[in-house]
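Heads up: the structure comes next, in structure tokens.
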Amino acid sequence: AQKVTQTQTSISVVEKTTVTMDCVYETRDSSYFLFWYKQTASGEIVFLIRQDSYKKENATVGHYSLNFQKPKSSIGLIITATQIEDSAVYFCAMRERPQVVGQLTFGRGTRLQVYA
Amino acid sequence: EAAVTQSPRNKVAVTGGKVTLSCNQTNNHNNMYWYRQDTGHGLRLIHYSYGAGSTEKGDIPDGYKASRPSQENFSLILELATPSQTSVYFCASGAGTGYSGNTLYFGEGSRLIVV
């Protein structure tokens, strides 16, 4: 069965610095999709970025980028030039190709606190 | 303007009572999903739907039913609510196909307390 593990429960950083959040996954499938979602203090959950397993290039969207290390089954989220508003809980998620579109397995989340 | 809206946002129910959580989406997405979020568990999929009239079981469907009467609406039904169903429930929509099909758009969440 697939599994997504986020070992960091919380991280605190000073604004304008770079932070990396870890995520490792387990899957028997050779084709899968990896995602990061952000949950704000209000509870809103928004999609940030995705990585398809067959792509070698790390995905980048704005000040979010991924560190995809397929041999290690690892997909780290990197946030550069952090801002106070980046304070939130970040979830890593995975979908294996045979699964239903949108049938995601989520990690337990990492809480990021950015302070001035 | 929010494209996925849930109601009620907060609900207190009694054990054994019936609870219906409603979700409406204006994204014109084919797929809709119900997840629950519990401390220490992340989000877990309860039921999903491919379109009007369709409902499918997710990873943790026991104790829940779902209804998709139209493209826009998807309900989660707890026929006999139990305290273990106390949680925050999120509805989401997704295109269901194509490259963007895996991107989900979530509602604001519905907090349910069963006493």
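Chain order of the listed sequences is A and C.
Residues in the first sequence are numbered consecutively from 1489, following the working numbering.
Residues in the second sequence are numbered consecutively from 95, following the working numbering.
All residues carry an ideal CB built from backbone N, CA and C; glycine is no exception.
Being a predicted model, the structure only gives us computed values, none of them experimental.
- For C/L172, no Cβ of chain A is located within less than 7 Å of the residue's own Cβ.
- Here A/D1517 carries a coil assignment [DSSP, helix/strand/coil].
- Pairing C/A146 with C/R162 gives a Cβ-Cβ distance under 7 Å.
- The beta carbons of C/T197 and A/F1535 sit about 5 Å from each other, so the pair counts as a contact at 8 Å.
- Rounded to whole angstroms, the Cβ separation of A/Q1591 and C/Y142 is 7 Å, and the two are in contact under 8 Å.
- Going by DSSP, C/A160 is part of the beta strand (DSSP E) stretching over K159 to S161.
- Chain C places no beta carbon closer than 7 Å to that of A/V1602, leaving this residue out of the contacts.
- For A/V1577, the number of other beta carbons within 10 angstroms of its own is at least 16, and it is reported as buried.
- Given a length threshold of 4 residues, the stretch 1512-1567 of chain A has no whole run of the alpha helix (DSSP H) inside it.
- The Cβ atoms of C/L170 and C/L115 lie closer than 7 Å to each other.
- By the rule that beta-carbons nearer than 7 Å mark a contact, A/V1589 touches chain C.
- By the neighbour-count criterion, in which 16 or more other beta carbons inside 10 Å mark a residue as buried, C/S181 falls on the buried side.
- Under the Cβ criterion of 7 Å, A/F1556 is not counted among the residues facing chain C.
- Straight-line spacing of the CA atoms in A/C1511 and A/I1533 works out to 18 Å.
- At a Cβ-Cβ threshold of 7 Å, A/Y1520 and A/E1584 count as neighbours.
- Comparing alpha-carbon positions, the option among A/T1515, A/M1582, A/V1589 and A/I1567 lying closest to A/Q1601 turns out to be A/I1567.
- Rounded to the nearest whole angstrom, the CA to CA distance from A/S1575 to A/S1498 is 11 Å.
- Cβ-Cβ separation between C/N124 and C/A189: approximately 7 Å, consistent with a contact (criterion under 8 Å).
- Per DSSP, the unbroken beta strand (DSSP E) holding C/K105 starts and ends at N104 to A107.
- Chain A places no beta carbon closer than 7 Å to that of C/N122, leaving this residue out of the contacts.
- Of all alpha-carbon atoms in A/K1491, A/T1505, A/Y1513 and A/K1504, the one lying nearest the alpha-carbon of A/P1559 is that of A/Y1513.
- When C-beta distances to chain A are compared with 9 Å, the residues of the stretch 163-187 of chain C below that value are V182, F184, A186 and S187, in chain order.
- At least 7 Å separates the CB of C/G147 from every CB of chain A.
- A distance below 6 Å between beta-carbons, with the five flanking residues on each side excluded, links A/S1561 to the following residues of its chain, in chain order: V1512 and Y1513.
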